[in-house]
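Chains E and Z are the protein sequences, given in the same order. For the first sequence, position 256 (counting from the first letter as 1) is numbered 244 according to this note's numbering, and the numbering increases by one without interruption. For the second sequence, position 61 (counting from the first letter as 1) is numbered 49 according to this note's numbering, and the numbering increases by one without interruption. By construction, the Cβ of each residue, glycine as well, lies at the ideal position given by its N, Cα and C atoms. Bear in mind that the values here come from a model prediction, so they are computed numbers and not experimental data.
There are 2 protein chains.
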Amino acid sequence: MNDAIFEIVTIGNELLIGKTLNTNTQWLAKRITELGGFVKRCTSVRDNIKEIGATVNEAIKRGAKWIIICGGLGSTFDDLTLQGVASAVSRPLVLNRRAVALMKRRYSALKEKGIVRIEKMTPHRLKMAMLPKGSKPLMNPAGMAPGVHLKFNQVNIICLPGVPSEMQAIFDENVVPLIRLVIGRRYFYDRSLNVTSIVESELAPLLNRVMHDNPQVYIKSHPKGVEGSSRIELHLTTSAEMLQVAKNRIEKAANEISQYIIKSGGKVEST
Amino acid sequence: MNDAIFEIVTIGNELLIGKTLNTNTQWLAKRITELGGFVKRCTSVRDNIKEIGATVNEAIKRGAKWIIICGGLGSTFDDLTLQGVASAVSRPLVLNRRAVALMKRRYSALKEKGIVRIEKMTPHRLKMAMLPKGSKPLMNPAGMAPGVHLKFNQVNIICLPGVPSEMQAIFDENVVPLIRLVIGRRYFYDRSLNVTSIVESELAPLLNRVMHDNPQVYIKSHPKGVEGSSRIELHLTTSAEMLQVAKNRIEKAANEISQYIIKSGGKVEST
Chain E
-11 MNDAIFEIVT IGNELLIGKT LNTNTQWLAK RITELGGFVK RCTSVRDNIK
39 EIGATVNEAI KRGAKWIIIC GGLGSTFDDL TLQGVASAVS RPLVLNRRAV
89 ALMKRRYSAL KEKGIVRIEK MTPHRLKMAM LPKGSKPLMN PAGMAPGVHL
139 KFNQVNIICL PGVPSEMQAI FDENVVPLIR LVIGRRYFYD RSLNVTSIVE
189 SELAPLLNRV MHDNPQVYIK SHPKGVEGSS RIELHLTTSA EMLQVAKNRI
239 EKAANEISQY IIKSGGKVES T
Chain Z
-11 MNDAIFEIVT IGNELLIGKT LNTNTQWLAK RITELGGFVK RCTSVRDNIK
39 EIGATVNEAI KRGAKWIIIC GGLGSTFDDL TLQGVASAVS RPLVLNRRAV
89 ALMKRRYSAL KEKGIVRIEK MTPHRLKMAM LPKGSKPLMN PAGMAPGVHL
139 KFNQVNIICL PGVPSEMQAI FDENVVPLIR LVIGRRYFYD RSLNVTSIVE
189 SELAPLLNRV MHDNPQVYIK SHPKGVEGSS RIELHLTTSA EMLQVAKNRI
239 EKAANEISQY IIKSGGKVES T
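Written out as structure tokens, the structure reads:
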């Protein structure tokens, strides 16, 4: 389970000034959770080498086994992710031949389609192939900048572009198999119950009892509707190595909750 | 300027499993930036007292002068924010009389409207008035749980509910005046330019020159459209004590960029 601790780091001033809504973090958190990973923390920092490096070091110290970094891999001056990662792990940036080959292949394909005129690797473009020493490039099926996989001690550091279509394509094609290899195949299962006609103060001890009897099921309550009207959504989640095991756990806990609530005069509906 | 360093912390498992899109962070980051604040980092953590406490302590150590925490103020068992903050600053949770009074007033109003039947302060409800010692409650015009303001050494710790309408109402009514009091009135100004017909490798040195000559203007490039087609959005931002000063800075930098780009055979459009 320790192998499955993830942190997500998104990079870009546009996130810190509220210009861009951080949909990448939600997409990654959902995907990682479905794969059976445990996302412990998500962080956004600015385009700043020192900040990026500090964030990576802090995540390592907190015990993350996977650091998924998103944004700042492009060719412009404000793309600083790889410099930040390199400084965090004290490795130089070196020209990666496989990354160059991947990019050349991509440029050739774009030239054939008539999208770009030049396929020459300018120094400016080569910046995207300068990876922290010991990294493996991850093929980008939807864009130019390759993703990066760097194993540092026991930590997998993965860098992905910030453009959602590129980030998602690299993750699904090249990161999912890596995660499965390390943490095995795990299944996430969840179910929501809508609870009405019971006051929150009666619900709390009842949920404590169910959580105590079902330690692998996490229950989160989300009050809905007008305050005081006591409509509450209960969200039950678990993950297990077999889907049926996860499902059985959730169904057992959901049944117990439902029985308790009905006994207390409340109403339950599945959503 | 040091007084204006903010960190935003959002709390809730639903964010870490990708169930909920983190719109609160974007809303807060935008508002704080418009007020002239500098958002240095945004963090999301789970409903876990230790994690919440660690996040607050780390933000203090990093030099944040404002920690805006969002989520986990309600009455249910998984609302743990105030316990986390209390542990971070080593203060006990104590029943805050002003918080109780604010909540009673709210319940009375809801009872008059016929929304709730009971206005009694059950122990369960009183949980929302147990604040870290030395805190001030912030009136919630849109819901029950009061916000919290705790001054710890030189750091302003603000806790807001996770329900967007409540978070926004407390922030606008009760936090904006506090921020203005400390950092003064500052103005954020930004402008975007669409650049086409210039290759990125030619744009980079040109932007470096403009940034060097305009150190208070931050320029961020966002490549748009199909890769290799060299459509780039440039986003120029600054903040100043007077709106006209901020505006002039941006206009000066935008003009310089435009002239350079046109000289290089590129095209510029304002958006």
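Given residue i as reference, the closest of the options once Cα atoms are compared
i, options, result
"Z:P120", "Z:M109, Z:G60, Z:T110, Z:N84", "Z:N84"
"Z:A52", "Z:L16, Z:I145, Z:L126", "Z:I145"
"Z:G266", "Z:K18, Z:N141, Z:E22", "Nothing can be reported for residue 266 of chain Z: it is not among the residues displayed for chain Z, which extend from -11 to 259."
"Z:A97", "Z:G131, Z:V82, Z:M116, Z:L195", "Z:G131"
"Z:V44", "Z:L70, Z:H200, Z:F65", "Z:L70"
"Z:M91", "Z:T31, Z:G102, Z:M109", "Z:M109"
"E:F140", "E:G254, E:K18, E:K49", "E:K49"
"E:T64", "E:I220, E:N10, E:H112, E:H210", "E:H112"
"E:E239", "E:A133, E:A157, E:V198, E:E100", "E:V198"
"E:Q14", "Z:T8, Z:T13, Z:R19, Z:P152", "Z:T8"
"E:P165", "E:N236, E:G122, E:I20, E:K115", "E:I20"
"Z:K18", "Z:K38, Z:V33, Z:N36, Z:E(-5)", "Z:E(-5)"
"E:G275", "E:N162, E:S78, E:S153", "Residue 275 of chain E is absent from the model: chain E starts at -11 and stops at 259."
"Z:P193", "Z:K115, Z:I220, Z:Y248", "Z:Y248"
"Z:A47", "E:G60, E:T31, E:I37", "E:T31"
"E:A89", "E:K235, E:V170, E:M127, E:C147", "E:M127"
Beta-carbon neighbours of residue i, restricted to chain E and to distances below 9 Å
i, result
"Z:N1", "Y206, K208, H223, T225"
"Z:V21", "It should be noted that the sequence gives Thr, not Val, for residue 21 of chain Z. Result: L4, I5, G6, K7."
Expected contact under 8 Å - CB spacing of residue i and residue j to nearest Å
i, j, result
"Z:G62", "Z:P149", "7 Å"
"E:N182", "E:E244", "No, E:N182 and E:E244 are not in contact; Cβ-Cβ is about 17 Å, not under 8 Å."
"Z:P125", "Z:R94", "Between Z:R94 and Z:P125 the Cβ distance is about 11 Å, and since that is not below 8 Å, they are no contact."
"Z:I55", "Z:V143", "6 Å"
"E:L68", "E:I40", "6 Å"
"Z:N167", "Z:G254", "The sequence shown places Ile at residue 167 of chain Z, rather than the Asn named in the question. Not really, about 40 Å apart at Cβ, beyond 8 Å."
"E:C58", "E:N12", "5 Å"
"Z:S180", "Z:L231", "Not confirmed; about 18 Å, so no contact."
"E:V163", "E:M118", "E:V163 to E:M118, Cβ: 21 Å. No contact."
"E:N209", "Z:D66", "The question names Asn, but residue 209 of chain E is Ser in the sequence shown. With 8 Å as the limit, E:S209 and Z:D66 qualify as a contact, their Cβ atoms being about 6 Å apart."
"Z:I158", "Z:G60", "With 8 Å as the limit, Z:I158 and Z:G60 do not qualify as a contact, their Cβ atoms being about 14 Å apart."
"Z:A133", "Z:M116", "5 Å"
"Z:N10", "E:N196", "About 28 Å separates the two Cβ atoms, so there is no contact after all."
"E:E190", "E:S246", "Actually they do not touch by this definition, with Cβ atoms about 15 Å apart."
"Z:T184", "Z:R237", "Not confirmed; about 25 Å, so no contact."
Amino acids of chain E, ordered along the chain, whose beta-carbon sits closer than 8 Å to that of residue i
i, result
"Z:W15", "G6"
"Z:N196", "F65"
Proximal residues of chain Z, C-beta to C-beta of residue i below 7 Å
i, result
"E:G62", "P211"
"E:N(-10)", "The premise fails here: E:N(-10) is roughly 16 Å from chain Z at the closest Cβ pair, so nothing lies under 7 Å."
Under 8 Å by beta carbon: chain Z residues contacting residue i
i, result
"E:T184", "Within chain Z, no residue comes near E:T184; the closest Cβ sits about 14 Å away, beyond 8 Å."
"E:T11", "L9"
Under 7 Å from the C-beta of residue i: neighbouring residues of chain E
i, result
"Z:K121", "Neighbours of Z:K121 on chain E: none; closest Cβ ~24 Å, over 7 Å."
"Z:V33", "R29"
"Z:L231", "Correct list: empty, because the minimum Cβ distance to chain E is about 17 Å."
Listed by chain order, chain Z residues near residue i by CB distance under 9 Å
i, result
"E:K18", "I5, G6, K7"
Stretch-stretch touch, CB-based, cutoff 8 Å, three pairs: the stretch 72 to 86 of chain E with the stretch 197 to 207 of chain Z: no
If you pair each beta-carbon of the stretch 17 to 27 of chain E with each one of the stretch 1 to 18 of chain Z, do three or more pairs fall below 8 Å? yes
Do the stretch 222 to 232 of chain Z and the stretch 159 to 176 of chain Z make contact, defined as three or more Cβ pairs closer than 8 Å? Counting Cβ pairs under 8 Å, three or more are found: they touch.
Check distances from the C-beta atoms of the stretch 148 to 164 of chain E to those of chain Z and list, in chain order, the residues that come in under 7 Å. none
Residues of the stretch 50 to 83 of chain E whose Cβ lies closer than 7 Å to any Cβ of chain Z, in chain order: G62, S63, T64, F65, D66
Check each residue of the stretch 124 to 147 of chain Z: if its Cβ is closer than 7 Å to any Cβ of chain E, include it; give the result in chain order. G131, M132
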